[in-house]
Amino acid sequence: MPELPEVEFAARCLRRWLKGKRIEAAEAPPTRIFRGSDAGAFERELPGRKLEWLERRGKYLLLGFSGNLGLLAHLGMTGKWMRIGRTQERPSHVRASLLLARDGVVLYRDPRLFGRIAVHRADELFTLPEVRSLGPDPLVDGIDPAALHERLRRTRRAVKVAIMDQAVIAGIGNIQATDALFHARIHPARPADTLDRREVEALADGIRRSIEYTLGLQGECEDEIEYVEESGAANPFVIYGRAGHPCPRCTTRLEKIDLGGRTSVFCPHCQPA
DNA sequence: ACGGATGTTCGCGC
DNA sequence: CGCGCGAACATCCG
36 MPELPEVEFA ARCLRRWLKG KRIEAAEAPP TRIFRGSDAG AFERELPGRK LEWLERRGKY
96 LLLGFSGNLG LLAHLGMTGK WMRIGRTQER PSHVRASLLL ARDGVVLYRD PRLFGRIAVH
156 RADELFTLPE VRSLGPDPLV DGIDPAALHE RLRRTRRAVK VAIMDQAVIA GIGNIQATDA
216 LFHARIHPAR PADTLDRREV EALADGIRRS IEYTLGLQGE CEDEIEYVEE SGAANPFVIY
276 GRAGHPCPRC TTRLEKIDLG GRTSVFCPHC QPA
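61 is the number that my numbering gives to position 26 of the first sequence; each next residue is one higher, with no gaps.
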């Protein structure tokens, strides 16, 4: 699921579901989700507490609970927070759950276990190295084209690889990067330090646009499990995942290349090398 | 059946 | 130090 827009959506849902509600019990079988931290701490520490605040930075969620307990959470590739009724059947691959007094169960499902949950002190969350090393967040901080230009000028990496570097801009993944570069008409393999000011401004606009677009796809927080979702739903993105299909702008056949180990779709006509 | 997938991290080598 | 590359993680879907 997760790039910045999906994580932002998860943040809004979790605030709505958890804020101010007392957690009765917490469950988390030992899995890789808790790597680098104590799985037992989740079950032990959360009962009795309430969510006081929740912030998103890039693809990370930072949750502050009463009594200075904090969670750092990342959705990895297949992570998803959801809410179901207490007696409702639980989906597969649930890695952590929070039982609320009369508001059902909030759970974290993650088949591939690429996500992460770590228990910390709440007042330490922003000082964690994962969070400190993030670049500006497009929604929280906005995108300053001059600062982005400065950052891109310092590397010869492909511009697509550079904007997916979480230290350059926080939250951009393969989908947003692919569609943003298409909007900006910039070839994904262009060395980052060759972009001029005008192109970086177009790129900043493209990133904003792809984030807003994807955010708009999210709909409302589902209260109940919306299980049989997406399967069969069409790919909603602009050119991501559409190699071989016609460019939505000029109908040229979209191509794909590999950059930094990730598939990059682009239009050879609209995004010339 | 095979290949690829919205992410991060680590080790290796130049 | 910068950077590319492959691997690893575990499961699902077309």
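For glycine and all other residues, C-beta sits at the position ideal for the given N, C-alpha and C.
Worksheet item: Does DSSP classify I292 as helix, strand or coil?
Response: strand
Worksheet item: With contact counted as at least three CB pairs below 8 angstroms, one residue from each stretch, are the stretch 194-213 and the stretch 169-185 in contact?
Response: yes
Worksheet item: Going by the CB atoms, is the gap between A308 and H222 shorter than 8 angstroms?
Response: yes
Item to complete: Could you work out which residue in Y143, R51, V235 and R225 is closest to T66 when comparing CA atoms only?
Response: Y143
Practice prompt. Tell me whether the beta-carbon of A61 lies closer than 8 angstroms to the beta-carbon of F77.
Written response: yes
Worksheet item: First and last residue of the alpha helix (DSSP H) that includes H128?
Response: From DSSP, H128 is part of no alpha helix (DSSP H); its letter is neither H nor E.
Discussion item. I need the boundaries of the beta strand (DSSP E) containing I242, first residue and last residue.
Written reply: It is not in any beta strand (DSSP E) - I242 instead sits in the alpha helix (DSSP H) that spans R232 to G251.
Fill in: Sub-8 angstroms separation of A268 and A224 beta-carbons
no
Fill in: Candidates G241, E124, D138 and G177, of which the one nearest K195 by Cα
G241
Item to complete: Can you say whether D214 is buried or exposed, counting buried as having 16 or more other CB atoms within 10 angstroms of its CB?
Response: buried
Practice prompt. Figure out for me which residue from I198, A239 and Q253 has the closest Cα to the Cα of P226.
Written response: I198
Fill in: Extent of the continuous alpha helix (DSSP H) run through G75
A74 to E80
Discussion item. Bridge partners for W116 per DSSP, in chain order?
Written reply: Y143
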